[in-house]
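Reading through the structure tokens given below for one structure.
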Amino acid sequence: MKNSVSKTENTNVKNELLLPVTVIKGVGSSKAAALASIGIHTLQDLLNFFPRRYLDRSLTDNVLLKTGETVTLIVEVVDAYLAHGKKSRFVVGAKTKNNERISIVFFRGVVFFQKIFQPGTTLVVTGRLEYFRGFQLIHPDYEILANAIKPSYTINSTNLDKKSRQQEPELAELPEMIHAGRIIPLYSSGEVLKSQGLDSRGFRKILYLALERLKGGISEILPNEIVKRRNLIPREESYREIHFPTDEVSLDAAKYRLKYEELFYFNLLIEHKKREREKIKRVLWPLPKSETADSVRKNLLFQLTEDQSSALRKIEELTKRDQPIAVLLQGDVGSGKTLVSLLTALRYMDNQIQVCMVAPTEILARQHYQTILSFLGNMPFLGIELLVGKEPKKNRYEKLYRIKKGDTLFVIGTHSVFQEDVLFSELGLVIIDEQHKFGVDQRETLRSKGKNPDILAMTATPIPRTLCLTLYGDLDLLTIKSKPKGRMPIQTKWFQENRREGVYKSIRKYVSSGRQCYIVYPLVEESEKVDLKSCIAAYEHLKHEIFSDFAVGLVHGKMETEEKDRVMQEFSKNRIQILVSTTVIEVGIDVPNATVMMIEHADRFGISQLHQLRGRVGRGDEESFCILMTDSKVTEDAKVRLDAMVNFSDGFALSEIDLQLRGPGELMGVRQSGLPDFRIADLRKDSKLIELTREDAILFGNPGDLEKEEIRGRFSEGRLLFSN
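Under the numbering used here, the residues of the sequence shown are numbered 1379 to 2102, in order.
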């Protein structure tokens, strides 16, 4: 590119990149405000606003012109005239380099085009080639080349329609083709941006001017040895090629370089965070062995799986370090994470160190409380409290007093434990269940209630390896895949509406034999917007017409806590045989006698949620079934999800499929999980690059090196690549 834009005397690279976008010619306060609405304030923000896709408008071979095809041609204006008829039109007579005659026709902005298309003007035009008394292009995209005869006039914008006004001829001053005759970028642009002329054409213009201003001033921020080892193109070249690619090969090289840079600095930040955490010293020490934990293990009616035993050994090993541990324990539904967390907690409690377990829902918190009490059986009082939202003030006050005094050693609760009045005496272990459902601030609040406590985060949502590296790279990852011996695989079937009667007969058969069943609906009330059956209406229908000879219960999110608890207790005692519910039973419900689940409108659920729901059955040693019910017509994406559920029982395999279908943001929940908003890297497609940059970041990411001036500059600038 020829540098047609003057630069300021300030050659400081960082300052140049951080200059406001208003330094670009033509970007005034209105355009700047529109850009600010999408987070673009500086030249660097603008450079990191990458195209959403590209169009190949490379020049067409004049010899191969065919009607009906989109072509890009360089033509010279021969003559131009106004043709009258039913509709006035402006016709530009032009010739190609092979002297092929072609007409360019405009029906709008006639006065405007009369002024600019003068004989001798050279254009690049792109449009659909038609044939009517010769080749013609109707309202093509065009660009006036810099060596054209420039018109000496002032544009009267009142004579132009809206579309014509956006096609200002001032771009004739640019020395290169940026709108045609090459691969051109297309940018995301809403109404606010378009109202300021910032459609794809407008973005190409200001990006060209920004790159011209920064020419020779975008320095390398990656280590030289990395650039050489990974054969990366220079940083400045990558920005030019990503926005104005020379060809497909150059575009691919630019994408790779910018993805590498983004992921390298992200992984470097993770590694830095991990090493900073390792500087924190442990204050409270759990016992190497727990007599209470040993007693619990001896009284179990089953043996721990090898994965459970391995996880316990690893946690024990980690707690011998001087630094507090931060562990993510992920396990498929029904794999026994709660027992692992209890056996870990007892090592702290036996040393009079407090433990706090937090769950995202009250149902799950109560389930954990009951499960842990059942594991402990008739053991001596250990001081275990359930702390949830609604309870009498006196009861809550007494619980808070025992927690603060240290009499309560194990607190199990919901979001209520984050409140300021919940104070601990010696909090040494924080257990966060379904941890991706809690925000970063909430997790930090809980951590601050102790003295550098250990953190054991748990999730029953299997996380693909790529996301684990990205989200939890600073944590020690432990995985439980195997399930307790004796459990039979859950058979999953997909039926459509015409099989409903047969499904009901099967449910009746299993319930008559003493088993129990869940029937899950996606909504609580009738909805006018979507054709879904209401859970409440379905309950009435099933209770009075289909299964009137069985006890049918109902549970949903809008019920009072006491009523939900009563229904769940009745179901767990088999006083209710069929439980109609919403997704409030998605996690934490453990009724081994429930062996059948029917999920209505299964095509409306994601894979992860379907798998979590399915995990409510198959928790005993009896054969279990999950029935997916849908209408006869479902979307192609829904077919993929449902087929995956039928064919795969492994949650980790399903999570990989879910990642490809929905992307990381929807899979994990961006706001809650802290998933970075990558500008160009794609967690679905770039798994190998994530691992590669992680290896390089670990090699390069010496905390001492980060204190060096030349590295600190790169490090801080690298952070600017991320909007989150």
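Where a beta carbon is used, it is the ideal one built from N, C-alpha and C, also for glycine.
Same chain, Cβ closer than 7 Å to residue i, neighbours up to 5 away in sequence not counted
{"i": "Lys1768", "result": "Thr1939"}
{"i": "Asp1457", "result": "Gly1471, Pro1497"}
{"i": "Ala1980", "result": "Leu1988, Leu2006, Met2007, Thr2008, Leu2020"}
8 Å contact criterion, which residue i and residue j should meet: CB distance rounded
{"i": "Pro1831", "j": "Pro1702", "result": "6 Å"}
{"i": "Leu1721", "j": "Ala1671", "result": "5 Å"}
{"i": "Thr1870", "j": "Val1995", "result": "With 8 Å as the limit, Thr1870 and Val1995 do not qualify as a contact, their Cβ atoms being about 10 Å apart."}
{"i": "Met1326", "j": "Ser1673", "result": "Residue 1326 lies beyond the range of the chain shown here (1379 to 2102); nothing can be said about it."}
{"i": "Phe1468", "j": "Phe1491", "result": "5 Å"}
{"i": "Ala2016", "j": "Leu2032", "result": "About 15 Å separates the two Cβ atoms, so there is no contact after all."}
{"i": "Arg1579", "j": "Pro1563", "result": "No, Arg1579 and Pro1563 are not in contact; Cβ-Cβ is about 10 Å, not under 8 Å."}
{"i": "Glu1684", "j": "Ser1860", "result": "6 Å"}
{"i": "Phe1495", "j": "Leu1443", "result": "That belief does not hold up - the Cβ atoms of Phe1495 and Leu1443 are roughly 21 Å apart, past 8 Å."}
{"i": "Pro1840", "j": "Phe2026", "result": "Not a contact, Cβ separation roughly 11 Å."}
{"i": "Leu2039", "j": "Arg2019", "result": "7 Å"}
{"i": "Leu1424", "j": "Leu1585", "result": "6 Å"}
Beta-carbon proximity list for residue i, same chain, < 8 Å, skipping 5 on both sides
{"i": "Ser1408", "result": "Gln1574"}
{"i": "Thr1420", "result": "Leu1395, Leu1396, Leu1397, Pro1398, Val1399"}
{"i": "Asp1785", "result": "Gly1761"}
{"i": "Ala1558", "result": "Arg1435, Thr1450, Val1502, Val1503, Thr1504, Asp1519, Tyr1520, Glu1521"}
{"i": "Asp1700", "result": "Lys1659, Arg1660"}
{"i": "Ser1794", "result": "Leu1765, Val1766, Gly1767, Val1800"}
{"i": "Thr1532", "result": "Its pLDDT being 30, under 50, Thr1532 is placed unreliably in this model, and the value from its coordinates should be taken loosely. Cβ within range, chain order: n/a, list empty."}
{"i": "Val1881", "result": "Phe1873, Met1976, Ile2005, Met2007"}
{"i": "Arg1430", "result": "Leu1564, Tyr1565, Ser1566"}
Neighbourhood of residue i by C-beta, 6 Å cutoff - its chain only, sequence neighbours within 5 removed
{"i": "Val1449", "result": "Thr1438, Leu1507"}
{"i": "Gly1709", "result": "Lys1715, Ile1858"}
{"i": "Gly1998", "result": "Pro1970"}
{"i": "Leu1853", "result": "Ala1704, Leu1706"}
{"i": "Glu1656", "result": "Gln1701"}
{"i": "Leu1571", "result": "Ala1412"}
{"i": "Gly2052", "result": "Its pLDDT being 49, under 50, Gly2052 is placed unreliably in this model, and the value from its coordinates should be taken loosely. These residues qualify, in order along the chain: Val1818."}
{"i": "Glu2000", "result": "Thr1973"}
Bridge partners - residue i, DSSP secondary structure assignment
{"i": "Ala1704", "result": "Ile1833"}
{"i": "Ser1890", "result": "Answer is none; Ser1890 lacks a bridge partner."}
{"i": "Ile1885", "result": "In DSSP, Ile1885 forms no bridge with anything."}
{"i": "Gly1594", "result": "Gly1594 pairs with nothing; no bridge assigned."}
{"i": "Ser1436", "result": "Gly1559"}
{"i": "Gly1791", "result": "Val1736, Leu1765"}
{"i": "Thr1857", "result": "Gln1708"}
{"i": "Cys2004", "result": "Thr1870, Met1975"}
{"i": "Gln1947", "result": "Per DSSP, none; premise fails for Gln1947."}
{"i": "Asp1519", "result": "Thr1504"}
{"i": "Ala1472", "result": "Val1455, Ile1480"}
{"i": "Pro1398", "result": "Thr1420"}
Pairwise C-alpha distance: residue j and residue i
{"i": "Ile1868", "j": "Gly1712", "result": "12 Å"}
{"i": "Lys1528", "j": "His1650", "result": "The predicted position of Lys1528 is uncertain, since its pLDDT is 38 and thus under 50; no value can be drawn from it."}
{"i": "Arg1944", "j": "Val1962", "result": "15 Å"}
{"i": "Leu1610", "j": "Arg1653", "result": "28 Å"}
{"i": "Val1705", "j": "Leu1855", "result": "6 Å"}
{"i": "Asn1729", "j": "Leu1807", "result": "12 Å"}
{"i": "Ile1349", "j": "Ile1790", "result": "An answer regarding residue 1349 cannot be provided, because it is not within the stretch 1379 to 2102 covered by the chain."}
{"i": "Ser1986", "j": "Ile2035", "result": "10 Å"}
{"i": "Phe1983", "j": "Met1937", "result": "22 Å"}
{"i": "Thr1739", "j": "Leu1587", "result": "53 Å"}
{"i": "Arg1591", "j": "Val1718", "result": "59 Å"}
{"i": "Ile1833", "j": "Ser1826", "result": "12 Å"}
{"i": "Lys1493", "j": "Leu1647", "result": "56 Å"}
{"i": "Lys1667", "j": "Asp2074", "result": "39 Å"}
{"i": "Gly1406", "j": "Leu1413", "result": "11 Å"}
{"i": "Ile1924", "j": "Arg1865", "result": "31 Å"}
{"i": "Gly1851", "j": "Ile2076", "result": "11 Å"}
{"i": "Arg1608", "j": "Asn1426", "result": "22 Å"}
{"i": "Ile1599", "j": "Ser1752", "result": "57 Å"}
beta-carbon residue i near the ligand HEM non-hydrogen atom, thresh 6 Å
{"i": "Glu1740", "result": "For the structure depicted, the ligand HEM is absent and the ligand set is empty, with no information on it obtainable."}
CB contact below 7 Å: residue i versus chain B
{"i": "Lys1829", "result": "The structure shown contains no chain B; it holds only a single protein chain."}
Meets three-Cβ-pair contact criterion under 8 Å: the region 1769–1781 and the region 1677–1689: no
Segment contact flag, the region 1995–2015 with the region 1976–1985, C-beta cutoff 8 Å, min 3 pairs: yes
Meets three-Cβ-pair contact criterion under 8 Å: the region 1810–1823 and the region 1737–1749: yes
Inter-stretch contact at 8 Å, needing at least 3 Cβ pairs: the region 1915–1933 / the region 1886–1903: yes
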